[in-house]
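Accompanying notes for the structure given below.
In full-length UniProt numbering, the protein residues as written are 1 to 191.
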């Protein structure tokens with residue numbers, strides 16, 4: 001048996017057939033007809049564009065420039081008089097003059113401070129729950145207190161912060177607590 005060189009030999013070309021055994025139609029004619037149709041269309045459009053430009057150039061209505069006629073010296077003096085603004089109308093309202101002479105009466109007001117405020121963050125039946133909330137508030141950087149109150153419904157352990165001289169300071173601390181997920185704190189007058 002002779003050695004055959006499979007690498008240098010070119011493979012045999014296979015004939016293309018459809019699944020039904022027929023040869024496919026040639027697509028070279030379709031692509032050449034499409035390219036000629038596109039080229040003809042481009043030539044027609046280019047010709048139409050060139051004709052439109054030429055017709056604009058040769059049209060007599062586009063040749064005359066829009067120039068205003070030169071006015072004589074007499075016409076200029078007349079036009080100056082017409083360009084003057086008319087006199088302003090008389091004002092119907094007098095509030096502008098009234099405001100110039102108006103005097104403002106300043107009342108004497110006394111700002112009353114309602115007193116110190118406290119912020120209550122919780123009220124619990126057990127001391128352990130109150131201590132837990134107090135520790136959470138301490139981790140946020142504020143110091144809370146616990147007071148035990150006995151009422152009609154039993155004993156309650158209230159967790160509160162304060163006293164605050166102004167309500168704005170209490171609001172500031174309440175926002176700090178909200179950022180640390182301690183919500184539902186109420187600000188009340190200290191009693």
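Yeah, the Cβ is synthetic: ideal placement off N, Cα and C, and Gly gets one too.
In this text the structure is predicted, and so the values were computed from the model without any measurement.
Rounded distance between the beta-carbons of residue j and residue i, thought under 8 Å
i	j	result
residue 140	residue 180	4 Å
residue 187	residue 168	Actually they are not in contact, since the Cβ atoms of residue 187 and residue 168 sit about 10 Å apart, beyond 8 Å.
Straight-line Cα distance separating residue j from residue i
i	j	result
residue 185	residue 165	17 Å
residue 99	residue 121	53 Å
residue 54	residue 42	18 Å
residue 29	residue 44	23 Å
residue 32	residue 39	11 Å
residue 83	residue 109	57 Å
residue 36	residue 70	58 Å
residue 129	residue 112	38 Å
residue 91	residue 101	18 Å
residue 97	residue 178	54 Å
residue 50	residue 58	12 Å
residue 94	residue 103	16 Å
residue 149	residue 155	6 Å
residue 105	residue 85	42 Å
residue 34	residue 60	41 Å
Spatially closest choice to residue i from the options, by CA coordinates
i	options	result
residue 182	191, 163, 153, 135	135
residue 172	149, 85, 119, 59	119
residue 157	191, 177, 126	126
residue 176	138, 190, 153, 150	138
residue 151	178, 123, 130, 96	123
Contact check, residue i vs residue j, beta carbons under 8 Å
i	j	result
residue 159	residue 170	no
residue 117	residue 88	no
residue 142	residue 161	yes
residue 190	residue 115	yes
residue 56	residue 47	no
Nonlocal neighbours in the same chain, by C-beta distance under 8 Å from residue i, ignoring five residues either side
i	result
residue 131	146
6 Å CB neighbourhood of residue i in its chain, flanking five on each side removed
i	result
residue 153	none
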